[in-house]
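Numbering (this note's numbering), first residue to last: 2 to 372. Glycine included, C-beta positions come from ideal geometry on N, C-alpha and C. None of these values were measured; they are calculated from a predicted model. As structure tokens, the structure follows; a few thoughts come after it.
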Ligand SMILES: [Zn+2]
């Protein structure tokens with residue numbers, strides 16, 4: 002048995018919270034990070050089927066792609082579907098967690114999984130996540146002053162990791178120095194080697210606030226000459242972002258490509274907007290709703306774009322751009338992640354010898370039926 006927090010931390014590695022779009026609402030939506038988890042179920046939506054399976058299987062946690070609570074709640078009416086579900090989940094102590102746009106964007110997330118399914122390689126995001134340059138600061142401080150310096154640099158904006166502030170790492174050791182003539186040492190005497198118990202503080206901050214952080218650090222630091230290092234960190238998000246574009250090993254006919262898409266997804270049909278008869282070599286995709294990236298796919302040289310929820314005028318726009326377009330449905334492009342995510346969590350659980358069972362929803366189907 003492990004804590005809900007342990008699962009949250011595992012999910013943070015799979016789909017870092019800071020990759021979520023601003024309007025999104027991922028994370029723990031119902032429950033307590035301290036509650037114990039024996040069994041969890043992964044799903045696309047927290048619907049009645051999933052809640053009933055969770056109850057029957059005695060699951061303590063549901064991990065969904067779509068956030069169960071998305072819009073702020075003004076009331077919890079237990080006579081209405083969502084309120085009734087919240088009541089059931091709380092009464093049965095079932096935690097609910099969501100990884101939404103952060104799972105879409107993440108390296109190894111939904112869109113990367115679709116690339117894997119379709120044999121696309123050399124993939125990059127269609128819409129890259131922010132790639133702000135970060136600076137790593139390492140500063141050595143007498144042990145008694147560590148907290149003062151840590152708080153000062155935190156106040157200046159250092160140590161933001163996702164939605165956490167004041168993040169830093171500390172280790173203790175011994176610093177040695179020889180004050181030379183003309184100095185005014187805080188500790189020790191001129192001409193005599195001194196040894197001091199020091200704390201090494203490590204943290205990061207965006208390059209644009211470097212002078213503010215260093216100024217705050219020097220002000221709080223007791224030494225005349227503070228010892229510190231600055232390292233520029235390469236942006237870490239270059240492989241994350243919404244959608245992907247990649248290449249097939251060999252160009253194939255549009256008909257073969259569309260058949261391959263249909264055969265690899267949980268769909269009975271897909272909709273094709275045929276704009277030309279060119280062979281397909283470069284394909285762009287975005288799981289769920291992604292028609293907003295048709296232009297981007299065209300600009301990046303895709304021969305075809307695959308997404309879901311395409312409207313009439315968006316299909317027309319693809320034709321105007323001479324871009325082949327496939328609407329494989331919202332459910333069709335996202336449901337495959339359920340089994341894949343459960344497998345990832347199972348692998349982490351086995352590796353860490355966690356005593357938990359990971360189930361995945363097999364019962365949900367696309368709400369649309371084609372007659
Ligand atoms: Zn979706």
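Query, Result
"How would you write the range of the beta strand (DSSP E) that residue 122 sits in, first residue to last?", "122-129"
"Measuring from each Cβ to the nearest heavy atom of ligand 1, keep the ones under 6 Å and list them in chain order.", "67, 289, 331 and 335"
"Could you work out which residue in 336, 295, 342 and 328 is closest to residue 426 when comparing CA atoms only?", "With the chain covering only 2 through 372, there is no way to say anything about residue 426."
"Grab me the residues of residue 1's own chain with a C-beta within less than 6 Å of its C-beta, minus the 5 sequence neighbours each way, in chain order.", "Here the chain comprises residues numbered 2 to 372, so residue 1 is not present and cannot be evaluated."
"So, is residue 233 buried or exposed, given that buried needs 16 or more other C-beta atoms within 10 angstroms?", "exposed"
"Mark residue 86 as exposed unless 16 or more other C-beta atoms lie within 10 angstroms of its C-beta, in which case mark it buried.", "buried"
"In terms of residues, what are the limits of the alpha helix (DSSP H) holding residue 300?", "295-300"
"Determine whether the beta carbon atoms of residue 227 and residue 136 lie at a separation below 8 Å.", "no"
"For residue 23, which of 218, 243, 44 and 96 has the nearest alpha-carbon?", "243"
"Among 297, 65 and 116, which one has its Cα closest to the Cα of residue 265?", "116"
"Suppose contacts are defined by Cβ-Cβ distances below 8 Å. Is residue 2 in contact with residue 42 by that definition?", "no"
"Apart from the five residues on each side of it in sequence, which residues of its chain come closer than 7 Å, Cβ to Cβ, to residue 120?", "249 and 250"
"Compare the Cα-Cα distances from residue 98 to each of 281, 11, 110 and 107 and report the closest residue.", "11"
"Going by alpha carbons, who is nearest to residue 271 out of 50, 262, 173 and 325?", "262"
"Taking the runs of the alpha helix (DSSP H) that are 4 residues or longer, which of them lie wholly in the stretch 73-97?", "82-92"
"Who are the Cβ neighbours of residue 195 in its own chain at under 8 Å, not counting the five residues just before and after it?", "177, 178, 179, 180, 186, 188 and 189"
"May I ask you to report which of helix, strand or coil DSSP gives residue 11?", "helix"
"What does the Cβ neighbour count give for residue 212, buried or exposed, with the cut at 16 atoms within 10 Å?", "exposed"
"What whole-angstrom Cβ distance do residue 365 and residue 44 have, given they're in contact under 8 Å?", "7 Å"
"To which residues of the same chain is residue 339 closer than 7 Å at the C-beta, ignoring the five residues directly before and after it?", "43, 44, 45, 361 and 362"
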